[in-house]
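Engineer: Each step along the sequence shown adds one to the number in the UniProt record's numbering, with nothing skipped, and position 193 is 193.
Glycine included, C-beta positions come from ideal geometry on N, C-alpha and C.
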Amino acid sequence: LIAGSGQIVGMSATLANLDEVARFLRASIFSTNFRPVHLVERVKINDTLYLVESGGRLIPEMNLGENKLAHHDPDGLVPLLQGIIPRRSAIIFCPTKQNCENVCRLLTRLVPRSMRELHADERKASVAALSEEADGKLCSTLQAGILSGVAFHHSGLTADERMIIESAFQEGTISILCSTSTLAAGVNLPARRVIIKSPMVGRQPLTKAQYLQMVGRAGRAGFDVRGDAVTIVHPGFEEATFREMLAGPLMECRSGLSDRSLLSAFLLDLISLKIADSLQDFDDILKKTLFGMQNENVQKEINECLADLTEKRMIHFSAEGRYSVTVLGGAAFTANIAPLQALAINATLIENLSMGIVLSSHFHLIFILIPFNVAVDVDWSVFYDEYRSLSTSEQQLLGTMGIQERCLVKYFVERPKLQAGEPALRLYIAFMMRRIWDEESLWSVAERFHVPRGWLQSVLQSTCSQASSISRFSEKVPQLWPLKHLLPELVQRLRDCCQQELIPLMAIDGVKRGRARQLYDCGFKTVGAVASADPNMLVSMVEHLNRRQARMIVSSAQVRI
């Protein structure tokens with residue numbers, strides 16, 4: 001960017017300081033109010049519908065009359081959907097994941113019979129696809145909803161489940177999608193009408209950027225001549241907060257380097273890449289960043305970060321006034337780990353090595369790799385059962401780290417809320433990863449630990465990423481040489497665990513991971529599909545599979561369904 005050899009085209013409808021961003025990018029601004037599909041914004045307060053005018057003013061438009069389904073549908077969602085579904089689509093943004101599922105369950109009961117009968121074959125196909133992804137398991141709320149043309153979409157679902165639901169909505173198989181705010185900022189799924197069920201995201205009021213992203217989903221170019229959005233607001237504090245947001249300014253784009261930890265990481269990167277090694281170099285570069293344009297005293301920030309990195313032994317300052325990276329700083333750069341996090345990881349790894357790695361199983365290494373920033377509510381009964389299943393040597397090792405059985409009994413009685421990074425919480429997450437390592441499915445592990453499947457999938461991916469980073473980190477730090485040899489194979493196995501679609505197939509006798517991948521790629525994606533296959537067909541489709549092996553695989557699959 002500084003060299004001026006690239007070209008960037010940026011688009012935004014939610015930023016206030018475009019002039020500042022353009023100056024940083026050395027860009028020209030093209031601004032227009034044109035929208036391919038006309039958008040009408042409305043607000044529902046009690047039984048009155050208001051038009052949202054420029055400046056956030058609310059103009060009364062009409063009275064909706066009595067809500068005859070108020071006992072079942074207190075927010076009046078059904079009247080807002082009439083005239084839209086099933087010919088067109090609607091997205092309902094809900095404040096929480098649980099509320100998404102509750103609204104999906106409610107609308108499944110209340111949608112008209114005529115809508116339930118539409119697209120029956122396509123909906124059954126979507127249900128079958130979801131069931132196939134989980135080898136026969138499917139959330140009953142989601143199944144009943146899809147068959148009625150309603151579905152929910154949030155981070156509690158796996159990536160594959162969300163993709164199937166998104167496709168069904170885009171194709172018109174599903175008419176109503178109940179979603180959290182993450183859909184507005186990510187996936188491009190426009191609808192004829194957007195309903196914001198509450199001006200809240202979790203427990204926080206909706207920001208103007210979030211609101212604009214949500215209502216921006218209304219209207220499908222090429223399909224609709226207009227789109228409309230309705231926000232349901234309750235009178236009182238909620239209404240006052242919402243009106244204030246509408247009338248308020250747009251958010252500004254602020255530099256990420258305003259975060260001291262990110263600025264330190266940026267300076268460490270500059271030194272590691274030999275782009276800069278003096279105060280003058282840092283000052284020249286930072287002044288060309290958005291951070292430099294938004295802060296008057298850049299030099300002070302640079303000096304404080306460099307002093308902090310020097311104190312943490314990440315960089316070295318020579319007598320000639322030049323900065324260079326230390327072994328620890330170079331390891332943090334190579335592993336792409338933030339300096340502060342690198343210190344914590346280094347201390348934890350050295351502590352574990354000094355106490356001795358338990359090699360009777362992979363559990364100790366898995367525990368070492370658990371990220372420090374993951375939080376979850378603990379089921380203490382499950383925690384205690386999992387702890388009791390550890391070997392004596394593993395329990396003794398945890399005892400030296402302050403995780404003893406008597407402490408767990410105390411936890412079981414008091415049931416405290418553990419914070420991210422606490423050893424006991426990392427141990428609990430390690431229990432989940434151990435079961436996935438042992439090739440249990442996401443479904444079964446999520447059910448046992450009472451966590452959403454999508455969350456568990458995300459934690460598994462974070463653990464894989466952390467494992468790769470620690471593996472690279474260990475290669476650069478001499479004291480960690482044992483991990484340099486132990487981790488590469490573990491990292492590869494964890495990456496394989498991310499391929500959850502193969503786990504059900506690997507339950508078949510004679511099917512290891514490589515064979516499972518072959519079967520999956522040939523279209524035999526479930527145990528049921530293998531069980532119903534002709535052994536001769538398997539031989540012809542799967543490379544290096546003989547007839548005897550094929551018969552054994554089919555027979556084993558038939559026993560397991």
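Out of 162, 133, 105, 23, which has the shortest C-alpha to C-alpha gap to residue 140?
Structural biologist: The sequence position of residue 140 within the sequence shown is 140, counting from 1. Among 162, 133, 105, 23, the Cα nearest to that of residue 140 belongs to 105.
Engineer: Taking 9 Å as the threshold (C-beta atoms), are residue 480 and residue 349 in contact?
Structural biologist: In the sequence shown, the residue the question calls residue 349 occupies position 349. In the sequence shown, the residue the question calls residue 480 occupies position 480. Yes, the pair counts as a contact, with Cβ atoms nearer than the cut-off.
Engineer: Enumerated in chain order, which unbroken segments of the alpha helix (DSSP H) with a length of 4 residues or greater are wholly contained in the region 160–205?
Structural biologist: List check, alpha helix (DSSP H) in window: 182–185.
Engineer: Measure from the alpha carbon of residue 196 to the alpha carbon of each residue in 190, 124, 211, then state which is nearest.
Structural biologist: The residue you call residue 196 lines up with position 196 of the sequence shown. Checked all of 190, 124, 211; the closest Cα to residue 196 is 211.
Engineer: By DSSP's criteria, residue 361 is part of a beta bridge. Which residues make up the other side?
Structural biologist: Translated into the one-based positions of the sequence shown, residue 361 becomes position 361. In the DSSP output, where bridge partners are listed per residue, residue 361 has none listed.
Engineer: Examine the Cβ distances between the region 336–344 and the region 254–266 and report whether three or more of them are shorter than 8 Å.
Structural biologist: Yes, since at least three Cβ pairs between the region 336–344 and the region 254–266 fall closer than 8 Å, the two stretches touch.
Engineer: Taking the alpha helix (DSSP H) that residue 19 falls in, what are its first and last residues?
Structural biologist: To locate residue 19, count along the sequence shown from 1; it is residue 19. Element bounds for residue 19: 18–25.
Engineer: Could you check whether the region 343–359 touches the region 377–389, counting it as contact only if at least three pairs of C-beta atoms, one from each stretch, sit closer than 8 Å?
Structural biologist: Output reads no: the region 377–389 does not touch the region 343–359.
Engineer: Quick one, which of 420, 478, 495, 396 has its alpha-carbon nearest residue 437's?
Structural biologist: Against the sequence shown, residue 437 aligns to sequence position 437. It is 495 whose Cα lies nearest to the Cα of residue 437.
Engineer: Under 7 Å Cβ to Cβ from residue 216, same chain only, skipping five residues before and after it: list those, please.
Structural biologist: Taking the first residue of the sequence shown as 1, we reach residue 216 at position 216. Cβ neighbours of residue 216 beyond the five flanking positions: 13.
Engineer: In chain order, what residues of the same chain lie with their CB nearer than 6 Å to the CB of residue 145, ignoring the 5 residues before and after it?
Structural biologist: For the purposes of this step, residue 145 is taken as residue 145 along the sequence shown, with counting starting at 1. Counting only Cβ-Cβ distances below 6 Å, and skipping sequence neighbours, we find 104, 108, 151.
Engineer: For a test of the three-state rule: what should DSSP assign to residue 64, helix, strand or coil?
Structural biologist: Indexing the sequence shown from 1 puts residue 64 at position 64. Correct three-state label for residue 64: coil.
Engineer: Identify every residue that forms a DSSP beta bridge with residue 40.
Structural biologist: On the sequence shown, position 40 is the one that residue 40 refers to. Answer by DSSP bridge pairing, in chain order: 228.
Engineer: Could you work out which residue in 518, 556, 228 is closest to residue 544 when comparing CA atoms only?
Structural biologist: Taking the sequence shown and counting its residues from 1, one reaches residue 544 at position 544. Considering only alpha carbons, the answer is 518.
Engineer: How long is the line joining the alpha carbons of residue 181 and residue 91, rounded to whole angstroms?
Structural biologist: Numbered from its first residue, the sequence shown carries residue 181 at position 181. Numbered from its first residue, the sequence shown carries residue 91 at position 91. Approximately 11 Å between the Cα atoms of the pair.
Engineer: Which of the three DSSP states, helix, strand or coil, is assigned to residue 127?
Structural biologist: Locating residue 127 in the sequence shown gives position 127, counting from the first residue. Note: residue 127 maps to helix in three-state DSSP.
Engineer: Identify the residues that DSSP records as bridge partners of residue 50: which are they?
Structural biologist: Translated into the one-based positions of the sequence shown, residue 50 becomes position 50. BP columns for residue 50 point to 43, 60.
Engineer: Per DSSP, what are the beta-bridge partners of residue 324 in this structure?
Structural biologist: As a position in the sequence shown, residue 324 is number 324, starting the count at 1. According to DSSP, residue 324 bridges with 316.
Engineer: Do the region 36–44 and the region 311–327 touch if we need at least three Cβ pairs shorter than 8 Å?
Structural biologist: As far as the Cβ criterion goes, the region 36–44 does not touch the region 311–327, which means the pair count is below three.
Engineer: Threshold first: 4 residues or longer. Then list the alpha helix (DSSP H) segments lying entirely within the region 402–434, N to C.
Structural biologist: For the region 402–434, whole alpha helix (DSSP H) runs of length 4 or above, ordered along the chain, are 405–414.
Engineer: Report the rounded CA-to-CA distance for residue 578 versus residue 290, giving the unit in angstroms.
Structural biologist: Absent from the structure is residue 578, since the part of the chain shown begins at 1 and ends at 561.
Engineer: My assumption, with CB atoms under 8 Å, is that residue 561 sits in contact with residue 516. Please give the rounded CB distance.
Structural biologist: Within the sequence shown, residue 561 is the residue found at index 561, counting from 1. Within the sequence shown, residue 516 is the residue found at index 516, counting from 1. Not a contact, Cβ separation roughly 16 Å.
Engineer: Can you grab the Cα-Cα spacing for the pair residue 556 / residue 397, in whole Å?
Structural biologist: Stepping through the sequence shown from its first residue, residue 556 is reached at position 556. Stepping through the sequence shown from its first residue, residue 397 is reached at position 397. Cα to Cα, the separation comes out at about 40 Å.
Engineer: Taking just the CA atoms, how far does residue 280 sit from residue 319?
Structural biologist: Position 319 of the sequence shown holds residue 319. Position 280 of the sequence shown holds residue 280. When rounded, the distance between both Cα atoms is 16 Å.
Engineer: Mapping DSSP to helix, strand and coil, what is residue 450?
Structural biologist: Here the question's residue 450 lines up with position 450 in the sequence shown. Reduced to three states, the DSSP call for residue 450 is coil.
Engineer: Of the residues 60, 362, 251, which one's Cα is nearest the Cα of residue 20?
Structural biologist: Residue mapping note: residue 20 aligns to position 20 of the sequence shown, counting from 1. Residue 251 is the option with its Cα nearest to residue 20.
Engineer: Please go through the same chain and pick out, in chain order, the residues whose beta-carbon is closer than 8 Å to the beta-carbon of residue 298, but skip the five residues on each side of it.
Structural biologist: As a first step, residue 298 must be located in the sequence shown, where it is residue number 298. Counting only Cβ-Cβ distances below 8 Å, and skipping sequence neighbours, we find 283, 286, 287, 291, 292.
Engineer: Would you mind working out which of 379, 434, 134, 433 sits nearest residue 414, comparing C-alpha positions?
Structural biologist: As a working note, residue 414 is residue 414 in the sequence shown. Ranking 379, 434, 134, 433 by Cα distance to residue 414 puts 379 first.
Engineer: Hey, how far is the Cα of residue 377 from the Cα of residue 175?
Structural biologist: Walking along the sequence shown from the start, residue 377 turns up at place 377. Walking along the sequence shown from the start, residue 175 turns up at place 175. Looking at the two C-alpha atoms, the distance is approximately 34 Å.
Engineer: If I measure Cβ to Cβ from residue 101 and keep anything under 6 Å in the same chain, skipping five residues before and after, which residues do I get?
Structural biologist: Working through the sequence shown from its first residue, we reach residue 101 at position 101. Within the same chain, residue 101 has close Cβ partners 141, 152.
Engineer: Less than 8 Å between the CB atoms is what I'm expecting for residue 433 and residue 449, so what's the real figure, rounded?
Structural biologist: Along the sequence shown, read from residue 1 onward, the residue named residue 433 stands at position 433. Along the sequence shown, read from residue 1 onward, the residue named residue 449 stands at position 449. About 11 Å; that fails the 8 Å criterion.
Engineer: Mapping the DSSP letters down to three states, classify residue 533 as helix, strand or coil.
Structural biologist: The residue given as residue 533 occupies position 533 in the sequence shown. Three-state DSSP puts residue 533 in coil, outside helix and strand.
Engineer: What separation, rounded to the nearest whole angstrom, lies between the Cα atoms of residue 476 and residue 488?
Structural biologist: Counting from 1 along the sequence shown, the entry for residue 476 is found at position 476. Counting from 1 along the sequence shown, the entry for residue 488 is found at position 488. The straight-line gap from Cα to Cα measures roughly 14 Å.
Engineer: What do you reckon, are the CB atoms on residue 323 and residue 393 nearer than 9 Å?
Structural biologist: Start at 1 with the first residue of the sequence shown, and residue 323 comes out as number 323. Start at 1 with the first residue of the sequence shown, and residue 393 comes out as number 393. Not a contact, by the Cβ cut-off of 9 Å.
Engineer: For residue 511, name the three-state secondary structure that DSSP assigns.
Structural biologist: Your numbering for residue 511 matches position 511 in the sequence shown. Three-state DSSP puts residue 511 in coil, outside helix and strand.
Engineer: Following the continuous beta strand (DSSP E) through residue 150, name the residue where it begins and the one where it ends.
Structural biologist: Within the sequence shown, residue 150 is the residue found at index 150, counting from 1. From DSSP, the beta strand (DSSP E) with residue 150 extends over 150–153.
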